[in-house]
Amino acid sequence: MKKLLIAALLAMTAVGTQAQTKSWTADNGNGTFTNPLFYDEFSDPDILRVGDDYYLAGTTMHAVPGLVILHSKDLVNWENVSYCFPRFDFPEDRFALKNHQEIYGQGIWAPCIRYANGQFYVFSNVNGKGLQCYTSKDIRGPWTHHNMKGNIYDLGVLFDDDGRVYAIHGYGTVKCTELEPDMSGPKEGTERVIIPEGNGVGEGHHMYKINGMYYLISTDYSPNGRTLCSRSKSIWGPYETCVITADETYGYHAASLTQVPRGEKYRIGQDGTKFGLGPVDKDATACTNAHQGGIVQFKDGSWWALFMMDFHSIGRTVCLMPMTWKDGWPMVGLEGNLGRAPRTWFKPGEAPQQTLPQPLPVREGSGYSQDEAAMGLSTPLHHREGQGGWSVPYNRSDDFNGKQLGRVWQWNHNPDDTKWSLKGGRLRIQAQPAEQLMWARNTLTQRVIGPKSVATVELNLKGMKDGDVCGLGNINVPCSWIGVSLPPSPSRRGGAEYLLRCFEQLTNDTVSVPIRLTGGKIWLRSIGDYDNDQAQYAYSVDGKTFQTVGRMMPLSYQLISFQGSRHALFAFNTKGKQGGYAEFDNFTVEEPCADRSGNIPYGKTFRIINKATGRPAVCDPHGLLYDTRQGDRSERTQFQIIDRGNGRVALKCVDGRYVKVYGEGLPGDVRFTKDEQEAEVFLWQDYLDHDFMLFSLKNHRYIGKSPTTGSPYSMDYVGADPARRNGSVLHWEE
154 MKKLLIAALL AMTAVGTQAQ TKSWTADNGN GTFTNPLFYD EFSDPDILRV
204 GDDYYLAGTT MHAVPGLVIL HSKDLVNWEN VSYCFPRFDF PEDRFALKNH
254 QEIYGQGIWA PCIRYANGQF YVFSNVNGKG LQCYTSKDIR GPWTHHNMKG
304 NIYDLGVLFD DDGRVYAIHG YGTVKCTELE PDMSGPKEGT ERVIIPEGNG
354 VGEGHHMYKI NGMYYLISTD YSPNGRTLCS RSKSIWGPYE TCVITADETY
404 GYHAASLTQV PRGEKYRIGQ DGTKFGLGPV DKDATACTNA HQGGIVQFKD
454 GSWWALFMMD FHSIGRTVCL MPMTWKDGWP MVGLEGNLGR APRTWFKPGE
504 APQQTLPQPL PVREGSGYSQ DEAAMGLSTP LHHREGQGGW SVPYNRSDDF
554 NGKQLGRVWQ WNHNPDDTKW SLKGGRLRIQ AQPAEQLMWA RNTLTQRVIG
604 PKSVATVELN LKGMKDGDVC GLGNINVPCS WIGVSLPPSP SRRGGAEYLL
654 RCFEQLTNDT VSVPIRLTGG KIWLRSIGDY DNDQAQYAYS VDGKTFQTVG
704 RMMPLSYQLI SFQGSRHALF AFNTKGKQGG YAEFDNFTVE EPCADRSGNI
754 PYGKTFRIIN KATGRPAVCD PHGLLYDTRQ GDRSERTQFQ IIDRGNGRVA
804 LKCVDGRYVK VYGEGLPGDV RFTKDEQEAE VFLWQDYLDH DFMLFSLKNH
854 RYIGKSPTTG SPYSMDYVGA DPARRNGSVL HWEE
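For the sequence shown, this note's numbering assigns the number 154 to the initial residue and increments by one for each residue that follows.
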């Protein structure tokens, strides 16, 4: 199977194309969306509503430009409209990868975005520099930087009705500190503990005032990940707390974490470190589940959570989840299945009326409206229409013909702007001294996109000098790359003009292949299967036929740089001197899974295989939905779906009976009817690769069968387990 995947991905030809290929969007085009909102990294999301516009701010760590802001009209389709700063304006070498100083795993992170006093505020922390604030009257900038200092991080901010500004921060012991209204710093002597340790509350705080009540959304990872809400009638407490979501992983187990042997000192970018990839417990939720993020009320009154979730080597990305107010608590999910949320659901404002959770109206002057309710912008943003009538945050491909880099690109630390340029339709990077990729200045990066994608770049080598290495890499810990260097002079006399090299830091191993190139040009490719945490490099000397080099490399998520995999265009000199230059052209990203139009088997006859047992479902003559032996292909194992519109389906056995759920949905309640009008209506949950779940629009639970009890199918599953083997995740085969 892996060989077939690689062959298929190798066959993609992206050379010379300037058009944007179809990219992942959560919008299904039928009134529904499928999580994640983006299939690339977007950590620590915070959401803001201003009028009919929605803004999402996220972490950027050591990469610049920094503090990304996306804009949406519907909470599903997003585009990049701003970064808060083009580069770190701190003079220390560590912000620019100078003199072996770096900020990997540090930088700027966990932002809070708010709107008050006629302007936008984005608060965040820079390691060693304290609390930072960026303000602008226009979301597109320019932004003014306020270095507020102080030991406040991972914070939530509330602009209260009386004009006071509060920052909520701390892990376990939660503190509240009043801020100076001019953003000059924290108010001296105002810090107080509002939730003492011992209440199971974590970090990543998001504070709201709704109908006179203070609500604090936070996340905890000890001993396992979950998201909580604390509420009080006073900002200073006392607070009561409840869990609002836990164990929602959408069937993604915790990824392998990069490990360094105990007692061995690790320095970022040091080759020879004995890396290890930690064990994978496919049944463990760990901290993979949906956590840390903000909540927002949509313009129709419905409430939504935008929480991040770990998607293996991609890193952390954002999921959109409906919320239901229950006894005054903002619970993730829907009535009958609170705490969990469907992976596929109706877009905000487009759900059939009977499926809507009861909204909580916001009273005027409640405090929530001051931050985020209806305030128009002086220059409104118009949502950019993209593929199929919806939009994607970024154009990932770049032919470098423009005067500026595409908004998807970020530099690894502050670049030296005298050592790179856009010239003649190419990106030119001059090689500066570095012994290794992670120390190479002016490395241009963008996040990888899943679940599978292929990145290809054309590389022109005529400007290279002795000791230069340039190519395409993965900025991660451990890192890897495929590149080209000049071979020693004797090798050149033998006719090999260049040396193709593939380096993997995990094994500290380099594969070298002498090659001759026509016109000093080569095409390099990264083939990623990120849902399965693996990637491989390939190259071509003619831009048409690609050959893999090196092994299929395992990938990890890691808490050293706190980022997932990132494509990197680089050039550096290993001999400690200023080198020549490399020129990059026609960078393209192709996504074979982005087109999901065929993922629901409309018009097909198919079997349903339970992922937990490997056995087909069967329409039992006794009237129950059960399973049968693995090789059974009889008529009663064959199904079709009836399209009810908006992603809703009914399930029909080819013998003419329709699936209907009786009673409470307990085992044995999933039976049949011959009346099509009585057939159960499900919302199809697309889990990709023909995996799916069936979500009841009646009780908001899933159909499934226990792999251990022998009971027939039921409609009482709350969701998938991390390994997708609790009996609720199904697979269809035509």
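We treat Cβ as the ideally placed atom computed from N, Cα and C, and that holds for glycine.
- Taking the Cα of threonine 441 as reference, the smallest distance to any Cα among Gly323, Gly429 and Met461 is reached at Met461.
- If the five residues before and after glycine 616 are omitted, its C-beta is found closer than 7 Å to the C-beta atoms of Gly733, Tyr734, Ala735 and Glu736, all from its own chain and listed in chain order.
- Within a 10 Å sphere around the beta-carbon of tryptophan 389 sit fewer than 16 other beta-carbons, which makes this residue exposed.
- Beta-carbon to beta-carbon, valine 217 and proline 239 are separated by about 7 Å, close enough to satisfy the 8 Å threshold.
- Counting of Cβ neighbours within 10 angstroms places valine 234 among the buried residues, the total reaching 16 or more.
- If you check the CB distance, threonine 187 and threonine 497 come in under 7 Å.
- Note that the C-beta distance between methionine 214 and glycine 283 is not below 7 Å.
- With fewer than 16 other Cβ atoms from the protein chains shown falling within 10 Å of its own Cβ, leucine 712 counts as exposed.
- Under the 10 Å beta carbon count, glycine 729 is surrounded by fewer than 16 other beta carbons and is classified as exposed.
- A contact is defined here as three or more CB-CB pairs under 8 Å, and the segment 810-824 meets this definition with respect to the segment 867-875.
- Secondary structure note for tryptophan 456: its beta strand (DSSP E) is the uninterrupted segment 456-463.
- Just measuring C-alpha positions, the residue of Arg801, Ser409 and Leu659 sitting nearest leucine 847 is Arg801.
- A straight line joining the alpha-carbon of tyrosine 287 with that of proline 264 spans about 10 Å.
- By alpha-carbon distance to lysine 576, the top candidate from Phe191, Val327, Met591 and Asn554 is Asn554.
- Taking glycine 578 as the centre and dropping the five residues before and after it, the same chain places the C-beta of Asp552, Phe553, Asn554 and Asp738 closer than 8 Å to its C-beta, in chain order.
- Counted as a single uninterrupted DSSP element, the stretch harbouring alanine 593 is not any beta strand (DSSP E), since DSSP gives it neither H nor E.
- Taking a contact as a CB-CB distance under 8 Å, the pair threonine 398 and arginine 379 counts as one, their CB atoms being some 7 Å apart.
- Closest option to arginine 560, judged by alpha-carbon separation, among Pro339, Leu223 and Thr862: Leu223.
- In the structure shown, the three-state DSSP call for tyrosine 319 is strand.
- Judged by DSSP secondary structure, threonine 758 falls outside any beta strand (DSSP E); it is assigned neither H nor E.
- According to the DSSP assignment, threonine 741 belongs to the beta strand (DSSP E) that extends over 734-743.
- Cα atoms of aspartate 874 and alanine 765: separation of roughly 11 Å, rounded to the nearest angstrom.
- By DSSP's assignment, glutamine 272 forms a beta bridge with Ala269.
- The beta carbon of glutamate 611 lies closer than 6 Å to those of Trp676, Asp738 and Asn739 in the same chain, with the five residues before and after it left out.
- If you draw a 10 Å sphere on the C-beta of serine 718, you find 16 or more other C-beta atoms in it, and that means buried.
- Using a Cβ distance threshold of 7 Å, tyrosine 192 and isoleucine 602 count as a contacting pair.
- Looking at the DSSP output, asparagine 183 bridges to nothing.
- With distances taken between CA atoms, serine 606 lies nearest to Gln689 out of Gly258, Tyr324, Gly429 and Gln689.
- With contact defined as three or more Cβ pairs closer than 8 Å, the segment 428-437 and the segment 477-491 are not in contact.
- For cysteine 632, no beta strand (DSSP E) encloses it, and the DSSP letter there is neither H nor E.
- Per DSSP, the continuous beta strand (DSSP E) segment holding aspartate 206 begins and ends at 206-211.
- In this model, asparagine 377 and serine 409 are separated by some 16 Å (Cα to Cα).
- For arginine 782, the three-state secondary structure derived from DSSP is coil.
- Two segments are said to touch when three or more pairs of C-beta atoms, one from each, lie closer than 8 Å; by this definition the segment 345-355 touches the segment 316-328.
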